[in-house]
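Heads up: the sequence shown begins at 1 in our numbering, then just goes up one per residue.
Even glycine gets a Cβ: it sits at the ideal position worked out from N, Cα and C.
Everything numeric in this text was worked out from a predicted model, so none of it was measured.
Have a look at the structure below before the remarks.
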Amino acid sequence: MSRKKNKRGRHIPMRRCVGCMESKPQQELVRIVFSDGRLIVDKDGKTNGRGVYLCRNPDCISQARKKNAFSRNYKQKIKEGITEPVFSEVLQMCEETDQK
């Protein structure tokens, strides 16, 4: 399998969305980090902790919510009260990118 490359011939890192399960370039996705029992939206991509990726698409967010994607990927039960602020923050990011 060949790797995707940008115009300069450099490798483009691909990541899989936990909602739609499609592989996309890392820059198109939002990284969610689980660190010290908290979920954090990682805006700069450098926060320590295990990260999963989510599309900036309301449909993917609702699919991830239905699948309990965070609990499955982090291999532990994560309460809905912890996940809802993260989902709402990512939804807000979707709206901001739609306005641009």
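Alpha carbon of GLY49 to alpha carbon of ILE78, nearest angstrom:
For the purposes of this step, residue 49 is taken as residue 49 along the sequence shown, with counting starting at 1. For the purposes of this step, residue 78 is taken as residue 78 along the sequence shown, with counting starting at 1. Approximately 15 Å between the Cα atoms of the pair.
Suppose contacts are defined by Cβ-Cβ distances below 7 Å. Is ARG56 in contact with MET93 by that definition?
To locate residue 56, count along the sequence shown from 1; it is residue 56. To locate residue 93, count along the sequence shown from 1; it is residue 93. Cβ atoms of ARG56 and MET93: closer than 7 Å.
According to DSSP, is CYS20 helix, strand or coil?
Walking along the sequence shown from the start, residue 20 turns up at place 20. Here CYS20 sits in coil by DSSP.
Among ILE32, THR47, GLY45, ASP44, whose alpha-carbon lies nearest the alpha-carbon of ALA64?
Position 64 of the sequence shown holds residue 64. Cα-wise, what sits closest to ALA64 is ILE32.
For a test of the three-state rule: what should DSSP assign to ARG15, helix, strand or coil?
The count along the sequence shown starts at 1 and reaches residue 15 at position 15. Reduced to three states, the DSSP call for ARG15 is strand.
Verify the contact flag: VAL86, CB atom, against every heavy atom of the ligand ZN, threshold strictly below 6 Å.
With respect to small molecules bound, the structure shown includes none, and the ligand ZN cannot be examined in it.
By DSSP, does ASP59 sit in helix, in strand, or in coil?
What you label residue 59 is simply residue 59 of the sequence shown in a count that begins at 1. If DSSP states are grouped into helix, strand and coil, ASP59 belongs with the helices.
Quick check on ARG31: does DSSP put it in helix, strand or coil?
Position 31 of the sequence shown, counted from the first residue, corresponds to residue 31. ARG31 falls in the strand class under three-state DSSP.
Give a yes or no on whether the C-beta atoms belonging to VAL52 and ASN73 are separated by under 7 Å.
Walking along the sequence shown from the start, residue 52 turns up at place 52. Walking along the sequence shown from the start, residue 73 turns up at place 73. Yes, they are a contact pair.
Closest Cα partner of GLY37 within the set ARG10, PHE70, GLN99
Reading the sequence shown from its first residue, position 37 is the one you call residue 37. Of the candidates ARG10, PHE70, GLN99, the one whose C-alpha sits nearest the C-alpha of GLY37 is PHE70.
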